[in-house]
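Residue numbers (the numbering used here): 5 to 237.
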């Protein structure tokens, strides 16, 4: 595998996270992984949220355009690597947003929503916050709770390395992560009514975290959560 950096920027559990912007091999894998993730939730969103009728190639094309756009406005693409075999466990992109007027390109539709929501939390300030782009996880690793580890670890990394940041926002596609947020005080900003999500006759929020893996493919994606660094200090 092509060299990334000398040291990981942080760890998500046992998995090291690297900035992979300049690693063509891993960027291609990240694009493919993101497309696979979005394609696999296609049927779920038809049932519960929005309807996305598109072939896999359409998702691949979308993400091939999305990653360069994210990098171009001041973010990085991160890859989470399995230290035992070098496999790409997960990937995500990070943006640093300031003034809303500077949002551009492929990110505008998604980022404008995040800005507006986060603005409500931060009393009208459009300055210095970070946003995950689309997170994607290798399905072989979904039982590791890698989403939760990624978001929490990355949040701590951002707080320590970017002290001027006011907070962060993220899309999350793993139900055990959202369950954790609900129980630990993270703020839910998404459009879904959780009481309306019934799986096998049981409300989504009634599932225990450790038992959610078997339901991960039955819950829609595109949740938005935010973490307010200001009130956390």
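Ideal Cβ placement from N, Cα and C applies to all residues, glycine included.
Keep in mind the model is a prediction, meaning the values are calculated, not measured.
Cβ-Cβ distance between residue i and residue j below 8 Å
i           : j           : result
residue 94  : residue 140 : yes
residue 24  : residue 66  : no
residue 157 : residue 16  : yes
residue 60  : residue 43  : yes
Rounded separation between residue i and residue j - CA only
i           : j           : result
residue 58  : residue 41  : 13 Å
residue 85  : residue 92  : 5 Å
residue 68  : residue 62  : 10 Å
residue 34  : residue 98  : 13 Å
residue 29  : residue 64  : 15 Å
residue 90  : residue 161 : 22 Å
residue 142 : residue 11  : 22 Å
residue 14  : residue 22  : 8 Å
residue 80  : residue 96  : 9 Å
residue 32  : residue 18  : 24 Å
residue 36  : residue 167 : 33 Å
residue 145 : residue 26  : 24 Å
Cross-strand partners of residue i (DSSP beta bridge)
i           : result
residue 82  : 23 and 96
residue 15  : 20
residue 140 : 95
Per-residue burial, residue i [other beta carbons within 10 Å of its own, 16 or more giving buried]
i          : result
residue 87 : exposed
residue 20 : buried
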